[in-house]
Amino acid sequence: AQLQGSIPKDMEPNNLIVAYEPVWAIGTGKTPTLNDIEEMHSHIRKIVLETNVRTNKIRILYGGSVKPNNAAEIFELANVDGALVGGASLSANDFMSIIEAGSKEK
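So the sequence shown is residues 1353 to 1458, counted in the working numbering.
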């Protein structure tokens, strides 16, 4: 209900970006399994598509503990379109590794 109520009825689908981070992962460094991430992102996409936004052009970003050692696997998931990078962005080398992982074609 929270997501449906947040999407304006006249939303341009190309402008819609949804970011998801599990509440229990905020600031903890804990990362859910890849299956959990994919399942939630798939569910979010389904909910958005059931609203007036009738396109698959929405972007869903993952925001829970994306690091150089897990970024490539997370970005390979079908329903993950990018990331919100927190602590790993404080190191230029780590952030560059994440950017490179996200730049690869699916």
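Just so it is clear, CB atoms sit at the ideal spot from N, CA and C, and this is done for glycine as well.
Other residues of its chain near residue i: CB distance less than 7 Å, five sequence neighbours each side excluded
i, result
"Glu-1390", "Leu-1429, Ala-1430 and Asn-1431"
Beta-carbon separation (whole angstroms), residue i vs residue j, contact threshold 8 Å
i, j, result
"Tyr-1414", "His-1393", "7 Å"
"Lys-1366", "Lys-1409", "Before going on, a small fix: residue 1366 reads as Asn here, not Lys. Sure, about 5 Å apart at Cβ, within 8 Å."
Of the residues the options, the one placed nearest residue i, counting alpha carbons only
i, options, result
"Glu-1373", "Asp-1362, Ile-1412 and Val-1400", "Ile-1412"
"Val-1418", "Leu-1436, Lys-1409 and Asn-1367", "Leu-1436"
"Leu-1386", "Ser-1358, Ala-1371, Ile-1369 and Phe-1427", "Phe-1427"
"Gly-1438", "Arg-1397, Asp-1388, Thr-1383 and Lys-1458", "Thr-1383"
"Leu-1401", "Ser-1441, Gly-1379 and Glu-1364", "Glu-1364"
Cβ-based neighbour list, residue i, same chain, cut-off 6 Å, excluding 5 preceding and 5 following
i, result
"Ile-1399", "Leu-1355"
"Ala-1424", "Ala-1453"
Could you pull out every unbroken alpha helix (DSSP H) segment of at least 4 residues lying fully inside the region 1417–1443, listed in chain order?
1423–1428
Which runs of the beta strand (DSSP E) at least 3 residues long sit entirely within the region 1359–1399? Give them in chain order.
1369–1372
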